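What the sequence shown shows, in the numbering used here, is residues 651 to 1103, in sequence order. We put the beta carbon where it would ideally sit given N, CA and C, even for glycine. Values in this document were obtained by computation on a predicted structure and should not be read as measured data.
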Amino acid sequence: MIYDLVILGGGPGGYRAAELASREGFKIALVEKDRLGGTCLNRGCIPTKSYYSDVVGKLGPLDAMWEKKEKVVGKLRKGVSTLMNRSSVDVIEGEGRITDVSQDVKRLSVTTEKGEVVLESKRLLIAVGAMSRPLSFPGSDLEGIVGGDWAVTDRSLWDPFCENGAESVAVVGAGVIAVELAGILKEMGKEVTLLKHSDQILRRSDGEIKKKVKQLVKKRKIPTVDFFRIEKVVREDGRLIVQGEAQGESMQIGCDRLILAASMVPILKGYGLEESGIAFTDKGIEVDEFMETSVPGVFAVGDCTGGAMLAHLAEYQALSAVERMAGREYRINPDAIPSCIFFDPEIASVGLTEEEAAERGLDFVVGRVFFASNGMALAMDRSDGFVKVLADRESGRMLGVHIIGPEAATLISEAALAVDRGLTVKEVAYTVHPHPTLSECFKDSLFRILEEI
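In structure tokens:
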């Protein structure tokens, strides 16, 4: 049988592509070597937010948070499996390797428990994801050292009833994963230290957001060490001793667990890319605006293409790829991709930061309103943070929105629509917003801008 589409990888980009292509009448095979749902569902977004909702949101008892996480992940994984079944997708468990993409028919060899299977297809979509950047140092293989993409599966960190549970944690990194894990673990009462390779935190965020997060980290008494370089890790008396250097000074940090969450890198080895002729660099597989690679009929979506590694972006990249396969066009606006960080309070952004707008030489105006003046935020006793909006001074078109405060991840969707569609500040501000709601803080920031333009 020759498929219309073979998908390598069953994460958000892969299974979404399968669902969409099925609606086009394609015959589809999806190859997954581990579990459907990818890192996001099994070891990333979902488990982290399950912990976050109980620890920070106080929505469930901490003594049941591990079991709750397992139920949530299991239910969603079953849901993806059901979706693939309803979409008539042939899900094949095994390790896939690209063997031939030079002809009209693409070939993939899959190693399964029952032996080797060769799949042939008119099209191939690669969605193999990313992993925590491996760090090499003496002692990196010691028990108790875990990558940021596997940390949520370490029961000793998250189950209060686990024997020999970890009470002190050092987290290497200052990006989204590192900050989220550090915040949750600290709220659980664990000793947490952030080991940063520079003096930055959330490097890609707007400057005012970064400044606020630094203040919050300090307020929560999370020690940070800037410009830290690990020299080696040893085990002494059952604990890990991280030995390193920071700005010329030797340091030692003791901990029960060391989480390596410096960054994520695309997974590029083990799938036959090297011999395929598909163009890629260490930053990811190269694709055009419709997610097609250098080889016609071969597409790639999600984290393996580099750039912003976000599950929701992978899903929309899948939409772009399938639309192209169906003879239509859908382009993702790179300046309108929202991102969310589940710290306390939440952080969400879309569009240009103030620094990026300045680098582009844009004449812009900023509107800023604090949640301390918002009735619902005060009623919720969650009034820390602000909404910041950037708009073009002449046209009033919205350029970027940055929120740190209660339910920021939900509030950003309205802003994403406005930025993506090129709406003006007046168009959004003059849309009636309900009272009393957190969204009024966004609306009020728009009226601040209208006072200036």
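Simplified DSSP assignment, three categories, for residue i
{"i": "residue 797", "result": "strand"}
{"i": "residue 925", "result": "helix"}
{"i": "residue 1089", "result": "helix"}
{"i": "residue 803", "result": "helix"}
{"i": "residue 1083", "result": "coil"}
{"i": "residue 788", "result": "coil"}
{"i": "residue 1057", "result": "coil"}
{"i": "residue 750", "result": "strand"}
{"i": "residue 709", "result": "coil"}
{"i": "residue 1078", "result": "helix"}
{"i": "residue 1115", "result": "Residue coverage of the chain in this structure runs from 651 to 1103, which leaves residue 1115 outside it and unanswerable."}
{"i": "residue 986", "result": "helix"}
{"i": "residue 894", "result": "strand"}
{"i": "residue 1068", "result": "helix"}
{"i": "residue 776", "result": "strand"}
{"i": "residue 678", "result": "strand"}
{"i": "residue 1099", "result": "helix"}
Residue i: CB within 7 Å of a non-hydrogen atom of the ligand FAD
{"i": "residue 865", "result": "Only the bare structure without any ligand can be found here, which leaves the ligand FAD out of the picture."}
Neighbour-count burial assignment, residue i, 16 or more Cβ in a 10 Å radius
{"i": "residue 779", "result": "buried"}
{"i": "residue 1028", "result": "exposed"}
{"i": "residue 1074", "result": "buried"}
{"i": "residue 768", "result": "exposed"}
{"i": "residue 1048", "result": "buried"}
{"i": "residue 1045", "result": "exposed"}
{"i": "residue 709", "result": "exposed"}
{"i": "residue 885", "result": "exposed"}
{"i": "residue 765", "result": "exposed"}
{"i": "residue 774", "result": "buried"}
{"i": "residue 1056", "result": "buried"}
{"i": "residue 1094", "result": "buried"}
{"i": "residue 812", "result": "exposed"}
C-beta contact flag for residue i and residue j at 8 Å
{"i": "residue 760", "j": "residue 748", "result": "no"}
{"i": "residue 817", "j": "residue 906", "result": "yes"}
{"i": "residue 794", "j": "residue 910", "result": "no"}
{"i": "residue 860", "j": "residue 851", "result": "yes"}
{"i": "residue 727", "j": "residue 685", "result": "yes"}
{"i": "residue 802", "j": "residue 698", "result": "yes"}
{"i": "residue 930", "j": "residue 939", "result": "no"}
{"i": "residue 663", "j": "residue 952", "result": "yes"}
{"i": "residue 1088", "j": "residue 1024", "result": "yes"}
{"i": "residue 1021", "j": "residue 702", "result": "no"}
{"i": "residue 836", "j": "residue 829", "result": "no"}
{"i": "residue 968", "j": "residue 670", "result": "yes"}
{"i": "residue 781", "j": "residue 915", "result": "yes"}
{"i": "residue 667", "j": "residue 737", "result": "no"}
{"i": "residue 752", "j": "residue 856", "result": "no"}
{"i": "residue 913", "j": "residue 960", "result": "no"}
{"i": "residue 807", "j": "residue 821", "result": "no"}
{"i": "residue 772", "j": "residue 796", "result": "no"}
Distance between beta carbons of residue j and residue i, contact taken as under 8 Å
{"i": "residue 1009", "j": "residue 1040", "result": "No, residue 1009 and residue 1040 are not in contact; Cβ-Cβ is about 13 Å, not under 8 Å."}
{"i": "residue 872", "j": "residue 844", "result": "6 Å"}
{"i": "residue 1062", "j": "residue 1053", "result": "6 Å"}
{"i": "residue 678", "j": "residue 652", "result": "Actually they are not in contact, since the Cβ atoms of residue 678 and residue 652 sit about 12 Å apart, beyond 8 Å."}
{"i": "residue 712", "j": "residue 705", "result": "7 Å"}
{"i": "residue 948", "j": "residue 674", "result": "Going by Cβ atoms, the distance from residue 948 to residue 674 rounds to 18 Å, so no, they are not a contact pair."}
{"i": "residue 883", "j": "residue 789", "result": "4 Å"}
{"i": "residue 776", "j": "residue 659", "result": "7 Å"}
{"i": "residue 985", "j": "residue 1069", "result": "7 Å"}
{"i": "residue 1102", "j": "residue 1019", "result": "With a Cβ gap of about 14 Å, residue 1102 and residue 1019 do not count as contacting."}
{"i": "residue 723", "j": "residue 692", "result": "6 Å"}
{"i": "residue 898", "j": "residue 880", "result": "The pair is not a contact, with the Cβ atoms about 15 Å apart (cut-off 8 Å)."}
{"i": "residue 996", "j": "residue 1065", "result": "Contact flag wrong, Cβ pair sits at about 14 Å."}
Delimiting residues of the beta strand (DSSP E) encompassing residue i
{"i": "residue 1039", "result": "1036 to 1042"}
{"i": "residue 905", "result": "899 to 905"}
{"i": "residue 1012", "result": "It is not in any beta strand (DSSP E) - residue 1012 carries neither H nor E in the DSSP assignment."}
{"i": "residue 658", "result": "655 to 658"}
{"i": "residue 990", "result": "989 to 991"}
{"i": "residue 826", "result": "Counting along the chain, residue 826 falls outside any beta strand (DSSP E), though it belongs to the alpha helix (DSSP H) covering 826 to 837."}
{"i": "residue 609", "result": "Examination of residue 609 is not possible in this model, given that the chain is present from 651 through 1103 alone."}
{"i": "residue 916", "result": "914 to 916"}
{"i": "residue 672", "result": "Taken as a continuous stretch (DSSP letters only), residue 672 belongs to no beta strand (DSSP E), being part of the alpha helix (DSSP H) at 662 to 673."}
{"i": "residue 781", "result": "780 to 782"}
{"i": "residue 950", "result": "948 to 950"}
{"i": "residue 758", "result": "756 to 762"}
{"i": "residue 819", "result": "818 to 822"}
{"i": "residue 767", "result": "765 to 771"}
Residue i - containing alpha helix (DSSP H), residue span
{"i": "residue 882", "result": "Per DSSP, residue 882 belongs to no alpha helix (DSSP H); it is in the beta strand (DSSP E), 878 to 886."}
{"i": "residue 730", "result": "715 to 736"}
{"i": "residue 864", "result": "857 to 869"}
{"i": "residue 698", "result": "695 to 705"}
{"i": "residue 1027", "result": "1025 to 1029"}
Below-8 Å beta-carbon distance, residue i vs any chain D residue
{"i": "residue 806", "result": "Of the protein chains in this structure there is only one, and it is not chain D."}
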